[in-house]
Structure formats: C-alpha cells, structure tokens
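Residue numbers (the working numbering): 4 to 349.
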C-alpha cells in the first residue's frame, strides 16, 4: 500500500509521458524523409518536440543545434517529473541529475582539450541547471584552461577526483572522463542505501548493479582487445562495484590470456547463462538489450516503485540518441533499412 500511495500520481503522469515516446514505426517514417528540414517538421507535430523546435529557423538546422534542442526535451521531462515527486523520490532524482552536470563538465573539457566548438551551457539549459545544481555556471564558462576550470569546481563533488589527475604529467581527456565517471558510479552505489528503502532500493540495486557489471565487462574487453593494456591498468579503470560479477570472476576476465578465453569466461557469468548469444562480438548491443530488459521488466512488475521513474528517464534519453542517429542518417542519405539497424541498436 505504501508504494501505491507514494507513486500513484507520479506513475500515472509517467505512464502518460511514456505513451508519447516514439514507436519503431515512427522512426521508420522519419528515416524515409528526404531532408533534415522534413524531419524537424515531422517532430514539430509531436508535442514533446514542438516545444523545443518551434523557434528554429532554416539556418539553424545543423547537427549541434538540433541535438541541443532535442536534449532540452530531456531536461524538461526531468523537471516535470521532479515537480510531481515526493521528498524521497527527489533524493534519487538529485543523484540522477548529476549525470547532466557531468555531461556539461565533459563538454567543457572537450572544448578545452580538443578545441571543439561546443556551446556551453546548452541553450535553454540555464534555468533548469540553476534550479538543480550548485555549480557556478558563470565561473565555469569563463574558464580558459583546464587548470582554471578544475579550480572553479572547488567545493563541488567533482573537484577531488579531477584535481588528483594533475599529479600526472600529461593527463588526457580520457583520464578526466574516466575519473569523473568512476566517481559518479561509486557515489550512486554508496548513496542509494541512504535514502531508498525496501522495494525501491531493491529495484535500483538491480538496475545499476546490472549496468555496472556490463560496463566493467565492456571495459575489460576493450582494454584487452584494442589497447593491449596491462592487468594493473585495467583494474584501475573498473567501477569498484560487484553485483553479479564476483571479484574472482573479474580477476579471471582481466587475466584471460586471449579473447577466446575471455569469451569462454563470459559465458560462465550470470549474464552469459541468462542471455543467449552473450559474447564479446556484440557487447554494445547486449548492454542496451540487458538494460532495456531489466528496466522494462521491473517497471511492469512493480509499477508503483522507483523502477517506473528510472525506466522512463532511461528510455527518454535513448529516444534522443536514436533521433540524433536518425537525423544523421537522413542528412547523409543512408538507406532507410540500414538506418533502422543503427537506430534500433541505440
């Protein structure tokens, strides 16, 4: 009864929002459109995107601008869900919100280290950001160097994991992004037990535990396959969480002598036994598949729990990823059938 009372209104709201997520048929219609302008016009007929695309001019229809506008719809949905949430649910959303802060930090590091032309902050983000974040956006925007940017993060959660990297002679963008991701993942795992209880804690533990396990498997594989890294260096990149991958299995995967042995070990894991065709050849697709299966199943099984909230945010984020892919396919005239393969893998 407690879950029903706490989630009744929020679940009703999220179900209404979920019913408006794009279908496979709609993506198929989008990739058959002749131009990006036609795609934007199509999306303007969908309420969730009309609000963010309605003021775009023909001259603004380049990739970066449209992608920022689409991502703004994620922030709007987050804000809407936040308004309908109670105190305990908001504690989870505050933790989830850090992924948006991290995206902003990564974008700026990309600009400083790779000299990419990235608008910071994204248009339309400022008001939303200031409501939910303690970061000083103006100071961060004014940063001219990585050192200054990190100094301007002092007092935030992100300062310590990033300042440590300045002990390295030449820290790379990869180093900074890995440091902040590992910090964030570790915080999620530690903090969830402090404000979630019973069914909500069980649902989030399952969702994030599965996520971290698969990410660790992906990282071990990539480090061994593409970077030929030493075991010691691989361990340093792994999320310090063990859900259904025991420390012993992690060690065996890291120490595998070759990819064939790695694949054989993967099949012995919980995920290898649970999901068919679980192999290193298709890890990216399997990550998406496992997460969708876990979240969709738990959301149906326990509709009056935090699983429904997390499930919607996850699928909304992936919808924007899919739309970004669809736009690129239309822009470069990719065959619609091939475009759909790319989209459905996202």
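Ideal Cβ placement from N, Cα and C applies to all residues, glycine included.
Since we're looking at a predicted model, the values are computed, not measured.
Item                                                                                                                    : Value
Residue 72 - DSSP class collapsed to helix/strand/coil                                                                  : helix
Through-space distance from residue 88 to residue 4, alpha-carbon basis                                                 : Bear in mind that a pLDDT of 42 at residue 4, under 50, signals an unreliable position, so the number given afterwards is only what the model happens to contain. Distance between the alpha carbons of residue 4 and residue 88 is about 17 Å.
Residue burial classification, residue 92 (beta-carbon count within 10 angstroms, cutoff 16)                            : buried
Residue 18 - DSSP class collapsed to helix/strand/coil                                                                  : helix
CA-to-CA distance, residue 325 to residue 41, given in whole angstroms                                                  : 17 Å
Residue 303 - DSSP class collapsed to helix/strand/coil                                                                 : helix
Distance between beta carbons of residue 217 and residue 256, contact taken as under 8 Å                                : The pair is not a contact, with the Cβ atoms about 12 Å apart (cut-off 8 Å).
Supposed contact pair residue 155 and residue 3 - C-beta distance, whole angstroms, cut 8 Å                             : The chain is shown from 4 up to 349; residue 3 falls before or after that span and cannot be answered.
Touching by the beta-carbon criterion (3+ pairs, under 8 Å), the region 302 to 315 and the region 60 to 78              : no
Sufficient close CB pairs (3 or more, under 8 Å) joining the region 71 to 86 to the region 189 to 206                   : no
Close-in-space but distant-in-sequence residues of the same chain around residue 335 (CB under 8 Å, 5 per side omitted) : none
Per-residue burial, residue 219 [other beta carbons within 10 Å of its own, 16 or more giving buried]                   : buried
Three-way DSSP call (helix, strand, coil) for residue 4 in this model                                                   : Bear in mind that a pLDDT of 42 at residue 4, under 50, signals an unreliable position, so the number given afterwards is only what the model happens to contain. Of the three classes helix, strand and coil, the one that applies to residue 4 here is coil, per DSSP.
Own chain residues within Cβ distance below 6 Å of residue 232, not counting five before or after                       : 226
Between the CA atoms of residue 36 and residue 152 - distance to the nearest angstrom                                   : 42 Å
Spatial neighbours of residue 275 in its chain, beta-carbon cut-off 7 Å, leaving aside the 5 residues before and after  : 269 and 281
In chain order, each alpha helix (DSSP H) run of at least 4 residues that lies wholly inside the region 209 to 286      : 234 to 240, 250 to 257, 262 to 269 and 273 to 277
Under 8 Å between C-beta atoms of residue 38 and residue 333                                                            : yes
Buried/exposed call for residue 75, threshold 16 Cβ in 10 Å                                                             : buried
Cutoff 6 Å; reference residue 339; Cβ partners in own chain excluding five residues on either side                      : 34 and 35
Nearest-angstrom Cα separation, counted from residue 28 out to residue 344                                              : 13 Å
Euclidean distance between Cα positions of residue 19 and residue 100                                                   : 22 Å
Coarse secondary structure for residue 144, derived from DSSP in three states                                           : helix
Burial state of residue 265 (16 or more Cβ within 10 Å)                                                                 : buried
Backbone CA spacing between residue 111 and residue 77 [nearest angstrom]                                               : 20 Å
Residue 291 versus residue 183: straight-line alpha-carbon distance, rounded                                            : 22 Å
Alpha helix (DSSP H) segment containing residue 347, residue limits                                                     : 339 to 348
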